[in-house]
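Student: To start, I am sharing the structure in question, which I have written as structure tokens.
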Amino acid sequence: MTDNQNLLAEQRRALILDEVRRRGGVRVNELTRKLNVSDMTVRRDLDALARQGVVEKVHGGAVPVVEASTHEPGFEAKSALELTAKDDIARTAARMVLPGTAIALSGGTTTFALAHQLLEVPDLTVVTNSVRVADVFHTAQRSGTAGVPRPGAAAVVLTGGMRTPSDSLVGPVADQAIRSLHFDVLFLGVHGISVEAGLSTPNLAEAETNRRLVRSARRVVVVADHTKWGTVGLSSFARLSEVDALVTDGGLSPAARAEIAEHLPELVVAGEPRIG
Numbered sequence: 009m010t011d012n013q014n015l016l017a018e019q020r021r022a023l024i025l026d027e028v029r030r031r032g033g034v035r036v037n038e039l040t041r042k043l044n045v046s047d048m049t050v051r052r053d054l055d056a057l058a059r060q061g062v063v064e065k066v067h068g069g070a071v072p073v074v075e076a077s078t079h080e081p082g083f084e085a086k087s088a089l090e091l092t093a094k095d096d097i098a099r100t101a102a103r104m105v106l107p108g109t110a111i112a113l114s115g116g117t118t119t120f121a122l123a124h125q126l127l128e129v130p131d132l133t134v135v136t137n138s139v140r141v142a143d144v145f146h147t148a149q150r151s152g153t154a155g156v157p158r159p160g161a162a163a164v165v166l167t168g169g170m171r172t173p174s175d176s177l178v179g180p181v182a183d184q185a186i187r188s189l190h191f192d193v194l195f196l197g198v199h200g201i202s203v204e205a206g207l208s209t210p211n212l213a214e215a216e217t218n219r220r221l222v223r224s225a226r227r228v229v230v231v232a233d234h235t236k237w238g239t240v241g242l243s244s245f246a247r248l249s250e251v252d253a254l255v256t257d258g259g260l261s262p263a264a265r266a267e268i269a270e271h272l273p274e275l276v277v278a279g280e281p282r283i284g
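The opening position of the sequence shown corresponds to residue 9 in the working numbering, with each subsequent residue numbered one higher.
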């Protein structure tokens, strides 16, 4: 760990979380020495991590929260987490989209943030299995003069399917619709990403639908905040070798960055020069 007192709160908390997960628990006095910050600062950081549901505070320190691999938070619950990181990731990913291309957006709160950033990119064809993502584009189109979509507005293809807690449409209907389509870039939100499990989700039906999305894309870009690294859901749906780029935020630890660099062609960290 670092002794830099000027670390941003998000960076400092990422370091703390990395240490908690690596060691299985930490004490406040250990963190104050390693981070060279006050006891009060460490306790505030642990409070923030506890509110995110990634650590559990215990007397004198914290331990990691181990969720069941089948646990799937709802859209509203996930929307409240890592808001700044998701907005930064969305702005960065939007710059990777060319006008006139066919793209796909999977379900998730990060792809939802990305959809807002894509409203000004002209002549897109957007394929999505996310009710929330489709609503972003439809709402923007309805706000046009006299309800007429503005020139260059995106053409949106919403797959059918069964609705998940995260408001994604999955299952055989969605899979069949996606199977016949081909898009230039897939922007994929994930529940978890790791070297061992690849990309994973707690929802079995969503895993199969995501596999179809990956197979139909010429380029696969994962958009995920730093807390997703090292998380594993019930079902893996893609290997890291099938991913062309990961767009994430600056909270990713140095150890995680090094590991990602070994397994992915491109790592894009919001606010930093592109690597890969």
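Quick reminder that beta carbons are idealized off the backbone N, C-alpha and C, glycines included. Because the structure is a prediction, the values reported are computed rather than measured.
Give the DSSP-derived three-state secondary structure of Glu280 in the structure shown.
Tutor: The residue labelled residue 280 in the question sits at position 272 within the sequence shown. Residue state, collapsed to three classes: coil.
Student: Roughly how many angstroms lie between the CA atoms of Arg265 and Thr235, to the nearest whole one?
Tutor: Along the sequence shown, read from residue 1 onward, the residue named residue 265 stands at position 257. Along the sequence shown, read from residue 1 onward, the residue named residue 235 stands at position 227. Rounded to whole angstroms, Arg265 to Thr235 spans 13 angstroms at the Cα level.
Student: Among all the DSSP beta bridges, which residues are the ones paired with Arg35?
Tutor: Position 27 of the sequence shown, counted from the first residue, corresponds to residue 35. Arg35 is bridged to Gly69.
Student: Drop a sphere of 10 angstroms on the beta-carbon of Asp233, count the other beta-carbons inside from all chains shown, and report buried for 16 or more, exposed for fewer.
Tutor: Looking up residue 233 in the sequence shown gives position 225. Its Cβ being crowded by 16 or more others within 10 Å, Asp233 is buried.
Student: Mind checking whether His199 and Ser208 have CB atoms under 8 angstroms apart?
Tutor: To locate residue 199, count along the sequence shown from 1; it is residue 191. To locate residue 208, count along the sequence shown from 1; it is residue 200. Yes; because the gap between Cβ atoms is below 8 angstroms, this pair is in contact.
Student: Considering only residues of the stretch 214–242, which uninterrupted beta strand (DSSP E) runs meet the minimum length of 3 residues and lie entirely inside it, listed in chain order?
Tutor: Taking only runs of at least 3 residues, the beta strand (DSSP E) segments lying wholly in the stretch 214–242 are 225–231.
Student: Name the one or two DSSP bridge partners that Leu200 has.
Tutor: By 1-based counting over the sequence shown, the position of residue 200 is 192. The sequence as given places Gly at residue 200; Leu does not occur at that position. Paired residue(s): Ser208.
Student: Please state the DSSP three-state secondary structure of Thr109.
Tutor: Here residue 109 refers to the residue found at position 101 when the sequence shown is read from its first residue. In the structure shown, Thr109 sits in coil (DSSP, three-state: anything other than H, G, I, E or B).
Student: What is the residue span of the alpha helix (DSSP H) that Leu57 lies within?
Tutor: Here the question's residue 57 lines up with position 49 in the sequence shown. Start and end: 47–59.
Student: Would you kindly report the start and end of the unbroken beta strand (DSSP E) that includes Ala123?
Tutor: Taking the sequence shown and counting its residues from 1, one reaches residue 123 at position 115. That residue, Ala123, is in no beta strand (DSSP E); its alpha helix (DSSP H) goes 117–125.
Student: Does the distance from the CB of Gly279 to the CB of Gln19 come in under 8 angstroms?
Tutor: Here residue 279 refers to the residue found at position 271 of the sequence shown. Here residue 19 refers to the residue found at position 11 of the sequence shown. No, the pair does not count as a contact, with Cβ atoms beyond the cut-off.
Student: Residues in its own chain within less than 7 angstroms of Arg35 by CB, not counting five upstream and five downstream?
Tutor: Here residue 35 refers to the residue found at position 27 when the sequence shown is read from its first residue. Taken in chain order, the residues that qualify are Gly68, Gly69.
Student: Give me, in chain order, the residues of the same chain whose beta-carbon lies closer than 7 angstroms to that of Thr119; leave out the 5 immediate sequence neighbours on both sides.
Tutor: Taking the sequence shown and counting its residues from 1, the one referred to as residue 119 is at position 111. Excluding residues within five positions, the ones whose Cβ falls inside 7 angstroms are Leu113, Ser138, Val141, Phe195, Gly197, Val231.
Student: Quick one: grab the DSSP three-state call for Arg103.
Tutor: Along the sequence shown, read from residue 1 onward, the residue named residue 103 stands at position 95. Reduced to three states, the DSSP call for Arg103 is coil.
Student: Looking only at its own chain, which residues have a Cβ that is under 7 angstroms from the Cβ of Arg51, when we skip the five neighbours before and after it?
Tutor: Position 43 of the sequence shown, counted from the start, is the residue given in the question as residue 51. Correct list, in chain order: Val36.
Student: Name the DSSP beta bridge partners of Arg171, please?
Tutor: Taking the sequence shown and counting its residues from 1, one reaches residue 171 at position 163. According to DSSP, Arg171 bridges with Leu177.
Student: Closer than 8 angstroms by C-beta to Leu132: which residues in its own chain qualify, once you throw out the five before and the five after it? Chain order, please.
Tutor: For this step, residue 132 is matched to residue 124 along the sequence shown. Hits under 8 angstroms: Val105, Pro107, Gly108, Thr109, Ala110, Ile111, Leu126, Ala162, Ala163.
Student: Relative to the alpha-carbon of Val203, which residue among Gly179, Val181, Ile186, Ala246 has its alpha-carbon at the smallest distance?
Tutor: As a position in the sequence shown, residue 203 is number 195, starting the count at 1. Comparing Cα-Cα distances from Val203 to each of Gly179, Val181, Ile186, Ala246, the minimum goes to Ala246.
Student: Straight-line CA distance for Thr172 to Val165?
Tutor: In the sequence shown, residue 172 corresponds to position 164, counting from 1. In the sequence shown, residue 165 corresponds to position 157, counting from 1. Each residue's Cα considered, the two are about 18 angstroms apart.
Student: Mapping DSSP to helix, strand and coil, what is Leu16?
Tutor: As a working note, residue 16 is residue 8 in the sequence shown. Coil.
Student: Whose CA, out of Val277, Ala58, Ala17, lies closest to the CA of Val45?
Tutor: What you label residue 45 is simply residue 37 of the sequence shown in a count that begins at 1. Nearest option by C-alpha distance: Ala17.
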